[in-house]
Structure formats: C-alpha cells, structure tokens
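A.B. asks:
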Amino acid sequence: MTQADKRKILLKREVKDILRIKGDSSFYEMIKRGEFPAGFKVGLRRVGWYEDEVYSWLDERVKAARGEVA
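Mapping the sequence shown onto our numbering, position 45 (from 1) lands on 49, and the numbers just tick up by one.
(1) Determine the DSSP secondary structure at L14, reduced to helix, strand or coil.
(2) Can the beta-carbon of E55 be found less than 8 Å from the beta-carbon of L14?
(3) In the DSSP assignment, find the unbroken alpha helix (DSSP H) run with V58 in it and report its ends.
(4) Could you give the first and the last residue of the continuous alpha helix (DSSP H) run that contains F31?
(5) Look up V51 in the DSSP assignment and say whether it is helix, strand or coil.
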C-alpha cells in the first residue's frame, strides 16, 4: 500500500472543528441519536474517524438540506 492509498484518520477535536461543534456533549449526543457515525478506537483513549467519511457525511447533510437527491 502506498502513502497515497492510506486514509487520513481524524481525531475528535479535528472532527468537531470541521463540524463547528464546540461541546463534547453535543457531539456525543449526535452520535447517540444516530445523527453522526460513531468512530473507531485508535488507541486506549482515542477515537478516530476517516476524513473522507466525515466529508461524505457532511456533503449528504448539505444535499438533504437543499432538497437534492443523493
């Protein structure tokens, strides 16, 4: 696998920055309600999300808000 084939992993802080969410409780509530995908463990106390999946989720939200078909 080449470096270009590897997917970038974002940590919680980075995902919250992209989504413009400040509080942890708001972020985890979105996950609990199924409004945002749960991450995966990348360490003992760290959770990560693939960058491309975060942006895909965000794109789908924008399309839904605009009434566009996915």
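Beta carbons: idealized from backbone N, C-alpha and C, even for Gly.
C.D. replies: Reading it off the structure:
(1) For the purposes of this step, residue 14 is identified with residue 10 of the sequence shown, where counting begins at 1. In the structure shown, L14 sits in a strand (DSSP, three-state: E or B).
(2) For the purposes of this step, residue 55 is taken as the residue at position 51 of the sequence shown. For the purposes of this step, residue 14 is taken as the residue at position 10 of the sequence shown. Yes, Cβ-Cβ distance for E55 and L14 is below 8 Å.
(3) Against the sequence shown, residue 58 aligns to sequence position 54. Where V58 is concerned, the enclosing alpha helix (DSSP H) stretches over E55 to R70.
(4) Taking the first residue of the sequence shown as position 1, residue 31 is located at position 27. Counting along the chain, the alpha helix (DSSP H) containing F31 begins and ends at D28 to K36.
(5) Indexing the sequence shown from 1 puts residue 51 at position 47. Three-state DSSP puts V51 in a strand.
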